[in-house]
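>
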Amino acid sequence: PAPAQAPAPDIPAVAPITADLPLASTPSGTDAETAAEGEEKPFAAYASAPERADYLGAVNEDVSVSRSGEKASAIRPTAAGQIGGAIRNFAPYASLQALMSDPRMAKVSADVRRPIDVKKSEIDGKRGELIASADKQDTAEDGFEEEGRNLGAEKQTLAAAVADIDRLIAAHNARCNPAPDAASYQRCLADAARINAERDRVNARVDDYNKRANAHNSKIASLQSSRETLVSDADGWAEKIKELIAEIEKILAESKDCTDELKQTVKKICNEPHSCNGLQDCDELRLNLKIGQTCLAAREKVEELCPPNEYDHKTPINNEKAAIERCENYMKDKNCDEAPPVSSDNGNLMSPQK
Numbered sequence: 128p129a130p131a132q133a134p135a136p137d138i139p140a141v142a143p144i145t146a147d148l149p150l151a152s153t154p155s156g157t158d159a160e161t162a163a164e165g166e167e168k169p170f171a172a173y174a175s176a177p178e179r180a181d182y183l184g185a186v187n188e189d190v191s192v193s194r195s196g197e198k199a200s201a202i203r204p205t206a207a208g209q210i211g212g213a214i215r216n217f218a219p220y221a222s223l224q225a226l227m228s229d230p231r232m233a234k235v236s237a238d239v240r241r242p243i244d245v246k247k248s249e250i251d252g253k254r255g256e257l258i259a260s261a262d263k264q265d266t267a268e269d270g271f272e273e274e275g276r277n278l279g280a281e282k283q284t285l286a287a288a289v290a291d292i293d294r295l296i297a298a299h300n301a302r303c304n305p306a307p308d309a310a311s312y313q314r315c316l317a318d319a320a321r322i323n324a325e326r327d328r329v330n331a332r333v334d335d336y337n338k339r340a341n342a343h344n345s346k347i348a349s350l351q352s353s354r355e356t357l358v359s360d361a362d363g364w365a366e367k368i369k370e371l372i373a374e375i376e377k378i379l380a381e382s383k384d385c386t387d388e389l390k391q392t393v394k395k396i397c398n399e400p401h402s403c404n405g406l407q408d409c410d411e412l413r414l415n416l417k418i419g420q421t422c423l424a425a426r427e428k429v430e431e432l433c434p435p436n437e438y439d440h441k442t443p444i445n446n447e448k449a450a451i452e453r454c455e456n457y458m459k460d461k462n463c464d465e466a467p468p469v470s471s472d473n474g475n476l477m478s479p480q481k
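In the numbering used here, each residue's number is its place in the sequence shown (first place is 1) plus 127.
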């Protein structure tokens, strides 16, 4: 009689890969808090990153990645809205720059201009800080996206490896469990050892992937938090710009500048006869000199406040300087004491009474 066959041992199948293979995620978080009704927050759109192109294709769908039927979470496409560029190119800041360079600002008194300059300096400093933070944020999110893309590609490779092991195990168990005959027994044992070793290697890769994927996903909250803080700071900065623009525009609107009243005052002073000649005594010469100096101060005020294309400056100023010089020469010839000069800061622009 034929010898009895030894019973074939159970060849253990590869255990289902129970470890989830999480796909990488990106910052999305919750939407930024809605601004107060009627109040626009210029950087609110950057509180949550907009979506970029899907770089995972079909893997982004809910697909089975293990023979256990477990589903893989899809990688959410990252889309770091480049907030650094938005801060650099913020239009109201350019408007503020233009206002600060407005020729009318040069005529604003030092006491009024000083706090404006301080606020502008603070805005410039904050802008530099925001750009540095935004560049750091954009770089971190770009790196996060690249890392997620690489993990997504690795996820597909691992899913294929798991499917291959599943097919090998199914074929092996169908063929060797139990072994068909004594001659096949040792081959089935060897195959089982080889397949199980490969299963262990794949599972080790899965475990390593999961650790890195979880570490990747753990960055989401931090990135979203830093982005929301940055957006809040940027909106506060934008509000400071808005307030300073309004303050400057109010100052410029209230400044008198080149008014008709100023021109009429100058004409009234300078049209008063004050020509000096050799027949005049010292008192008349001093009086005419004083009127001439007051007229010159008034004309220089007009030159300061009125655009050249609106009012002729140089000719009347030069004529008045020549008239003053004649008066001074006549006084010198007569040994007259000079009258004190009239300051160009004379705000009243009143001529002396004869």
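Glycine included, C-beta positions come from ideal geometry on N, C-alpha and C.
1. Measuring alpha carbon to alpha carbon, tell me which of Ser236, Arg314 and Ala267 ends up nearest histidine 299.
2. Let me know the secondary structure DSSP gives glutamate 399 once reduced to three states.
3. Candidates Ala310, Ile258 and Ile322: which alpha carbon is nearest alanine 297's?
4. What runs of the beta strand (DSSP E), each 3 residues or longer, lie entirely inside the region 307-349?
5. Go through the region 236-321 residue by residue and report every complete run of the beta strand (DSSP E) that reaches 3 residues or more, in order.
6. Taking the alpha carbon of leucine 559 as the reference point, which residue from Leu316, Gly252, Asp318 and Glu325 has its own alpha carbon closest?
7. If you follow the alpha helix (DSSP H) that aspartate 410 is in, where does it begin and where does it stop?
8. Just mark glycine 270 as buried or exposed, buried being the case when its beta carbon has 16 or more other beta carbons within 10 Å.
9. Cutting at 7 Å between CB atoms, please list the residues of its own chain near leucine 295, excluding the five before and the five after it.
10. What did DSSP end up calling glutamine 391 once you bin it into helix, strand or coil?
11. Roughly how many angstroms separate the alpha carbons of alanine 319 and arginine 302, rounded to a whole number?
12. How would you write the range of the alpha helix (DSSP H) that proline 219 sits in, first residue to last?
13. Going by beta-carbon coordinates alone, are glycine 211 and aspartate 291 separated by less than 8 Å?
14. Given this structure, state the Cα-to-Cα distance separating serine 260 from leucine 357, to the nearest angstrom.
15. What residues in its chain sit with their C-beta under 7 Å from that of lysine 346, if we drop five residues either side in the sequence?
So, from the data block:
1. Out of Ser236, Arg314 and Ala267, the CA that lies nearest to the CA of histidine 299 is found in Arg314.
2. The three-state secondary structure of glutamate 399, taken from DSSP, is coil.
3. Selected option, being the one with the closest Cα: Ile322.
4. Listed in chain order, nothing qualifies, since the region 307-349 has no complete beta strand (DSSP E) run of 3 or more residues.
5. Runs of the beta strand (DSSP E) inside the region 236-321: none found.
6. The structure shown does not extend to residue 559, since the chain spans only 128 to 481, so no value can be given for it.
7. 409-432 is the span of the alpha helix (DSSP H), which, as asked, contains aspartate 410.
8. By the C-beta density criterion, glycine 270 is exposed, having fewer than 16 other C-beta atoms within 10 angstroms.
9. Ile322, listed in sequence order.
10. Looking at glutamine 391 - three-state DSSP - the assignment turns out to be helix.
11. Looking at the two C-alpha atoms, the distance is approximately 11 Å.
12. From DSSP, the alpha helix (DSSP H) with proline 219 extends over 218-227.
13. Contact: no.
14. If you take the alpha carbons of serine 260 and leucine 357, they lie about 7 Å apart.
15. The beta carbon of lysine 346 sits closer than 7 Å to those of Phe271, all from its chain and outside the five residues before and after it, given in chain order.
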